[in-house]
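Engineer: To start, I am sharing the structure in question, which I have written as structure tokens.
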Ligand code: BGC
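Numbering (the working numbering), first residue to last: 1 to 750.
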């Protein structure tokens, strides 16, 4: 044993030494190169353009064919260092391979032959390669409460990106989903800081931990720093008003953790906070991100965001001033991305002394180091070893595992679910024969709506149910595509219901991304409410299946539903996972990563303050504090779990000591099942109004029917902390509660 251990330690030390030697060599190579570079070559490295700039036909390009003259203009004339994106839709591995090869070939015609770093948005799997495997959106992954699963799916995304010749992924999104109106809510890990921190760090390690020279890794990009999701109106890229105390309590911790996890790059929030665009905010970019968080990687803008300092935000009075502001605030690379204006303007700004050469050198050094670390200087071309990692059959199994664990059962009146397989099922609603409504944003196209690009074996809910129970047992009134008018034909639904034993009504949202997903209403469209009411009127039991990226109000149609399954946008295997849960081939174990709101006037989150819990009540006012339709952490199973009492290692925790919290969990039902155990803490009195509870740990366990397991957590004072009036994260002495399920235990901290 000793021998094994010492061999292990020697191996660790040797590999750590090798890594630091590699880092030193990379740095020396970068410094040597930087010394040889002209201002123009340096500024070119800071310039990122989109594929439409040099593809034949621009945005309309369908086949990934490049225009050699435009490619030359970008790489040789403008010395562009980075490129991104696709044009109309996803491309094949072969097309990406050809395209990246052409780009890198063109760099050989430049003086210093610096390779291009290409970036794509592999948000839930590799979005822009045809035939890639798509997994649940982050909101669904958060429902799994299974970081190991998040790690596994991310690894596949990394491999499929790299197989496409791409070494930089614009993921993960670390914005926190506290505003359900926000159109990018599905890309978040939900409303809780701890889930965001945990999943974010795991995912970043998974992208990068193999070492970026390895064909299984990609550089990650934590985004969108900072506070992007807190738009006051919920509209994408609209003003945010956030006091710094709130910024530090809820929005910054995920980024702090992600920096520690080793994220190589970061992308900036396109919006403004308290009247200041983040792209020109030196305090957030340099003082907080660089100095306080210690981030050393590349800071890239989001889409057109330097230009927008002038033409949108109006804080710069000219395009050049916009460039100066952004770069001086700390931006290293500009996602320009539709032209070369940034290049011309930055050169001008440096010549006029508005931007110092030292700032340019600092930015370029980071960019070149990223290129060194990703192995581009050794071999910039798509790697044959990476290509073999594309589209492996086991990715499909993983996609099903992830979709299974995302499924969140919200209602099961009189155990109507699981359904027997010999009943006649009417499958209705707009998502019944839609693929896009199961996958959502960033799915083979930016908006995810064009179904012709999805893999041919993608199933609809209707198909998956028919496959399970036999075509003879399934009827439908729906047609292909979410928006198909027949899907909203209430009379047809009522007629068809006569022949059915049960109705599975598939409603929710079709795919959308970013601003096109803006909505004025969280209420479901009235035509969906109409068909729900038609289904109820038939008198047959109705199961609602919700395929949606954010919680749409179902309050008015919820009481009559016998069962409700929240499916989110869970990727390639969403339909199969839904069918498995509905018919009992999978026992659901997902739990909500957000508070499912009851109404627009009740957007209170689980970690609310005491005055949101006990409100002043006059005139029998119905307001009763935190009263969502379904609370954060809610999700039913086909079995039942019972908790024992909480055991604490001490009731007097001191200083940096650790507190061990254990609890027994028994599966008291007749089925095996998985279960996420969540530990919350509650600071009872504090100098700032304490949250009623904060999630501090979770563990997902598997229990056979009748089995009992003890779950043990270790927490310390950091798990009791909050941001105080001086903006410091502190733990104040006093009484605390640990809460697991309905069980509580108290202890003192000194
Ligand atoms: C989005 C980013 C994305 C970028 C490049 C922007 O519109 O906000 O999340 O990485 O486009 O596609």
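Quick reminder that beta carbons are idealized off the backbone N, C-alpha and C, glycines included. Note that the structure is a prediction, hence the values are computed from the model and not measured.
Looking at the structure shown, is residue 359 part of a helix, part of a strand, or coil, going by DSSP?
Structural biologist: helix
Engineer: Is residue 309 close to the ligand BGC? I mean its beta-carbon at under 7 Å from any heavy atom of the ligand.
Structural biologist: no
Engineer: Residues in the same chain with beta-carbon distance under 7 Å from residue 66, minus the five sequence neighbours each way, listed in chain order, please.
Structural biologist: 54, 55, 56, 99, 102
Engineer: Within the structure, which residues are defined as neighbours of the ligand BGC by a Cβ-heavy atom distance below 5 Å, reported in chain order?
Structural biologist: Qualifying residues come out as 121, 170, 302, 303.
Engineer: According to DSSP, which residues form a beta bridge with residue 334?
Structural biologist: 47
Engineer: Count the other C-beta atoms from every protein chain shown that fall within 10 angstroms of the C-beta of residue 600, then say buried if there are 16 or more, exposed otherwise.
Structural biologist: exposed
Engineer: Where do the ends of the beta strand (DSSP E) carrying residue 286 lie?
Structural biologist: First-last for residue 286: undefined, no H or E at that position.
Engineer: Residue 543 and residue 565 look like a contact to me (Cβ under 8 Å); what is the Cβ gap, rounded to whole Å?
Structural biologist: 7 Å
Engineer: Looking at the unbroken alpha helix (DSSP H) that takes in residue 140, where does it start and where does it end?
Structural biologist: Start and end: 138-144.
Engineer: Is it buried or exposed for residue 751, if we count other Cβ within 10 angstroms and need 16 for buried?
Structural biologist: A question about residue 751 goes unanswered here, because the residues of the chain that appear run from 1 up to 750.
Engineer: Quick check: residue 315 and residue 358, are their CB atoms within less than 8 Å of each other?
Structural biologist: no
Engineer: Going by beta carbon distance, what residues of the same chain come within less than 6 Å of residue 374, once the five residues before and after it are set aside?
Structural biologist: Only 167, 212, 219 meet the Cβ criterion.
Engineer: Counting along the chain, where does the alpha helix (DSSP H) carrying residue 196 start and finish?
Structural biologist: 193-208
Engineer: State buried or exposed for residue 164, treating a residue as buried only when at least 16 other CB atoms are found within 10 Å of its CB.
Structural biologist: buried
Engineer: Roughly how many angstroms lie between the CA atoms of residue 327 and residue 63, to the nearest whole one?
Structural biologist: 35 Å
Engineer: Starting from residue 326, trace the alpha helix (DSSP H) in both directions and tell me its first and last residue.
Structural biologist: 319-329
Engineer: Determine the contact status of residue 130 and residue 596, defining contact as a CB-CB distance below 8 Å.
Structural biologist: no
Engineer: Go through its chain and collect everything with a Cβ distance to residue 642's Cβ below 6 Å, but skip five positions before and after it.
Structural biologist: 666, 668
Engineer: Please list, in chain order, all residues of the same chain as residue 1 whose beta carbon is under 6 Å from its beta carbon, the five residues on each side excluded.
Structural biologist: Caution applies to residue 1, whose pLDDT of 47 falls short of 50 and renders its modelled position unreliable; the model cannot decide the point.
Engineer: Are three or more beta carbon pairs between the segment 529-542 and the segment 365-384 nearer than 8 Å?
Structural biologist: They do not touch, by the three-pair rule.
Engineer: At which residue ranges does the segment 512-565 contain complete beta strand (DSSP E) runs of 3 or more residues, listed in the order of the chain?
Structural biologist: 542-547
Engineer: Which stretch, first to last residue, makes up the beta strand (DSSP E) that contains residue 461?
Structural biologist: Not the beta strand (DSSP E): residue 461 falls in the alpha helix (DSSP H), residues 461-469.
Engineer: Compute the beta-carbon to beta-carbon distance between residue 535 and residue 578, rounded to the nearest angstrom, for a pair I have assumed lies under 8 Å.
Structural biologist: Actually they do not touch by this definition, with Cβ atoms about 17 Å apart.
Engineer: Suppose only complete runs of 4+ residues qualify. What are the alpha helix (DSSP H) ranges in the segment 379-446, listed by chain order?
Structural biologist: Counting whole runs of 4 or more residues, the segment 379-446 contains the alpha helix (DSSP H) stretches 384-387, 393-406, 436-439.
Engineer: Among the candidates 139, 185, 128, 178, whose CA atom is the shortest distance from the CA of residue 160?
Structural biologist: The shortest Cα separation from residue 160 among 139, 185, 128, 178 belongs to 128.
Engineer: Kindly identify the DSSP beta-bridge partner or partners of residue 507.
Structural biologist: Bridge partners of residue 507: 546.
Engineer: Going by Cα to Cα distance, which pick from 305, 372, 348 is closest to residue 297?
Structural biologist: That would be 372, whose Cα lies nearest to the Cα of residue 297.
Engineer: On the three-state DSSP scale, how would you describe residue 376?
Structural biologist: coil
Engineer: First and last residue of the alpha helix (DSSP H) that includes residue 116?
Structural biologist: Counting along the chain, residue 116 falls outside any alpha helix (DSSP H), and DSSP gives it neither H nor E.
Engineer: Run through the DSSP bridge pairs and tell me what residue 123 is partnered with.
Structural biologist: Beta-bridge pairing links residue 123 to no other residue.
Engineer: Answer with buried or exposed for residue 615, where buried requires no fewer than 16 other C-beta atoms within 10 angstroms of its C-beta.
Structural biologist: exposed
Engineer: Would you mind sorting residue 169 into buried or exposed? The rule is 16 or more other CB atoms within 10 Å of its CB.
Structural biologist: By the 10 Å Cβ count, residue 169 comes out buried.
Engineer: Should residue 303 and residue 277 be called a contact, given that it needs their Cβ atoms to be closer than 8 Å?
Structural biologist: For residue 303 and residue 277, no; Cβs fall outside 8 Å.
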